[in-house]
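Right, one structure below, let's go through it.
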């Protein structure tokens with residue numbers, strides 16, 4: 001996974017005013033910078049001034065050489081929306097598209113309507129002195145071009161309107177106006193340029209992304225926000241197309257993941273081989289009930305050594321690992337991808353895998369959900385932003401559990417079977433063994449390859465169905481284990497899963513679920529079999 005650099009135009013959406021402003025995004029390996037256009041003084045003595053006062057000389061052809069938009073009736077100032085090459089406004093070198101007009105011949109027009117400013121400029125005489133300030137947050141509905149002034153052209157607008165360029169009335173001569181010399185910059189006057197300037201830089205290390213509207217399960221349309229570790233937000237970044245939004249989302253996610261991997265490598269240098277970080281990252285955890293008002297809260301998950309951690313904030317030092325909200329042994333958890341309730345069109349499901357949003361109804365109201373069952377009837381339900389993230393979490397849980405089971409080797413639990421108290425052992429190499437707790441006599445033993453089915457009652461009982469090694473027929477007798485204390489099913493899940501990973505020939509009926517296949521397209525058949533066989537196991541037996 002290679003870090004990406006990227007630059008492009010987007011909108012910054014203000015949820016309070018419901019306006020969007022043009023910005024430029026600049027993505028580097030470590031930072032996402034938000035840039036806004038501004039006019040800066042590049043030479044001269046006026047570098048600290050926010051306002052510029054410019055005198056225009058109305059020309060016989062072309063008049064003031066500019067057009068305007070906006071007005072108080074739209075809660076925005078009147079701004080210069082067009083400038084015509086080699087005409088009065090352009091020749092000053094001090095005016096730019098996007099400049100808000102503050103004064104006209106000493107008269108303040110900050111609260112004036114569009115028509116009032118048009119009338120004032122039209123009747124200002126030969127020499128018009130205007131004071132301007134560049135409007136860094138010009139609402140996108142004004143449709144101001146972001147580049148330099150374009151070539152001259154005829155852009156008459158007919159009747160003036162605050163959302164259309166009013167240039168016809170401004171470019172003609174006022175009554176009894178004699179031809180005047182063109183405006184031109186004076187040699188010692190300050191020189192200005194329009195530039196993109198950084199206004200906010202968001203560090204991507206341990207940053208998180210959200211596509212959802214706050215407090216809801218509604219996806220923002222072609223928009224998301226990025227939040228830094230310290231809580232600083234980019235605001236709502238909105239894009240013109242779904243493709244642009246998806247491209248930026250993937251690029252930023254890639255860089256966040258790359259930095260997370262670097263942090264994992266640094267943490268692992270200080271840890272023993274048996275206590276390595278396998279994966280970590282941000283998710284959202286579902287809180288409350290299962291109704292439509294359910295809420296999600298950001299959590300930071302980590303798979304490290306023998307444990308699965310849940311944090312409210314990422315661990316940034318060795319001491320932080322003991323401050324987790326929750327911690328579970330990996331031999332006693334079960335990872336499960338939630339089924340996505342979609343139409344039968346697999347291509348739509350594949351689109352979801354690649355991050356393209358469609359308006360479907362999902363179980364848990366969000367796509368890309370998974371749960372981790374942790375025992376005693378409890379489970380944690382999480383949501384991630386991209387299908388690729390979901391696939392990474394699944395593979396990471398597989399790997400972490402596999403490694404922990406390998407380290408553990410075998411586990412023995414006290415249980416009851418047919419009224420007797422027995423011992424039940426799950427061994428990574430040997431399979432399942434049930435023996436008398438007192439005499440140590442083995443009652444039955446099966447290999448992993450002989451297990452052909454399993455179920456549970458969601459509380460204390462596990463049923464295991466094995467194949468007879470001689471007849472190759474499924475045994476009609478069920479083995480019912482009532483586990484005392486920790487769940488045998490949990491250990492069985494982990495060991496059995498890891499056993500399948502070694503490539504043993506175990507075949508189960510596979511659920512016909514093409515979204516699972518889309519999300520796990522890189523997985524092999526054994527992975528699918530494992531999910532189906534273990535999906536009903538309760539971890540709290």
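Numbering (UniProt numbering), first residue to last: 1 to 541. The beta-carbon is built from N, C-alpha and C at its ideal position, and this holds for glycine as well.
Identify every residue that forms a DSSP beta bridge with residue i.
i: residue 211; result: Partner(s): none; residue 211 has no beta bridge.
i: residue 428; result: The partner list for residue 428 (beta bridge, DSSP) is empty, contrary to what the question assumes.
i: residue 444; result: 434
i: residue 470; result: In DSSP, residue 470 forms no bridge with anything.
i: residue 304; result: 277 and 307
i: residue 335; result: 372
i: residue 7; result: 26
i: residue 193; result: 40
i: residue 198; result: 35
i: residue 139; result: 21
i: residue 453; result: 465
i: residue 329; result: 307
i: residue 203; result: 31
i: residue 12; result: 21 and 237
i: residue 421; result: 416
Is residue i near residue j, with beta carbons less than 8 Å apart?
i: residue 252; j: residue 278; result: no
i: residue 204; j: residue 236; result: no
i: residue 330; j: residue 401; result: yes
i: residue 83; j: residue 54; result: no
i: residue 133; j: residue 50; result: yes
i: residue 194; j: residue 96; result: yes
i: residue 229; j: residue 314; result: yes
i: residue 35; j: residue 247; result: no
i: residue 560; j: residue 223; result: With the chain covering only 1 through 541, there is no way to say anything about residue 560.
i: residue 20; j: residue 238; result: yes
i: residue 78; j: residue 109; result: yes
i: residue 371; j: residue 381; result: yes
i: residue 283; j: residue 308; result: no
i: residue 88; j: residue 58; result: yes
i: residue 452; j: residue 474; result: yes
i: residue 441; j: residue 435; result: yes
i: residue 232; j: residue 139; result: no
i: residue 385; j: residue 209; result: yes
i: residue 135; j: residue 112; result: no
i: residue 336; j: residue 373; result: yes
i: residue 462; j: residue 449; result: no
i: residue 63; j: residue 90; result: no
i: residue 383; j: residue 296; result: yes
i: residue 318; j: residue 270; result: yes
i: residue 430; j: residue 443; result: no
i: residue 407; j: residue 274; result: yes
i: residue 73; j: residue 114; result: yes
Return the Cβ separation of residue i and residue j in integer angstroms, given the expectation that the two are a contact with Cβ distance under 8 Å.
i: residue 234; j: residue 202; result: 5 Å
i: residue 311; j: residue 300; result: 4 Å
i: residue 98; j: residue 144; result: 5 Å
i: residue 25; j: residue 5; result: At roughly 11 Å, the Cβ-Cβ gap does not stay under 8 Å, so residue 25 and residue 5 are not in contact.
i: residue 81; j: residue 142; result: 7 Å
Please confirm whether any heavy atom of the ligand MG lies closer than 7 Å to the CB of residue i.
i: residue 265; result: No copy of the ligand MG occurs in the structure displayed, which carries no ligand at all.
- Item | Complete alpha helix (DSSP H) runs within the UniProt domain "PDZ" (53 to 136) (minimum length 4 residues, chain order) | Whole alpha helix (DSSP H) segments, 4+ residues: 88 to 92 and 114 to 122.
- Note down, one range per segment and in chain order, each beta strand (DSSP E) of at least 3 residues found wholly within the stretch 218 to 291. Listed in chain order, they are 223 to 227, 236 to 238 and 277 to 287.
- Are the stretch 25 to 36 and the stretch 62 to 69 touching, with three or more C-beta to C-beta distances below 8 Å? Three or more Cβ pairs closer than 8 Å define a contact, and the stretch 25 to 36 falls short of that threshold against the stretch 62 to 69.
- Message: Quick check on the DSSP output: what are the complete beta strand (DSSP E) runs of length 3 or more inside the stretch 362 to 417, in order along the chain?
- Response: Qualifying beta strand (DSSP E) stretches, in chain order: 369 to 375, 378 to 383 and 410 to 417.
- Query: Between the stretch 259 to 278 and the stretch 294 to 305, are three or more C-beta pairs nearer than 8 Å?
  - Reply: The answer is yes - the stretch 294 to 305 touches the stretch 259 to 278, with three or more Cβ pairs under 8 Å.
- Message: When you compare the stretch 33 to 44 with the stretch 116 to 126, are there three or more beta-carbon pairs, one atom per stretch, that lie closer than 8 Å?
- Response: The stretch 33 to 44 makes no contact with the stretch 116 to 126; the number of CB pairs closer than 8 Å stays below 3.
- Task: Count the C-beta pairs between the stretch 410 to 417 and the stretch 379 to 397 that are closer than 8 Å, then say yes if the count reaches three, no if not.
- Result: Here the stretch 410 to 417 makes no contact with the stretch 379 to 397; the two share fewer than three CB pairs at distances below 8 Å.
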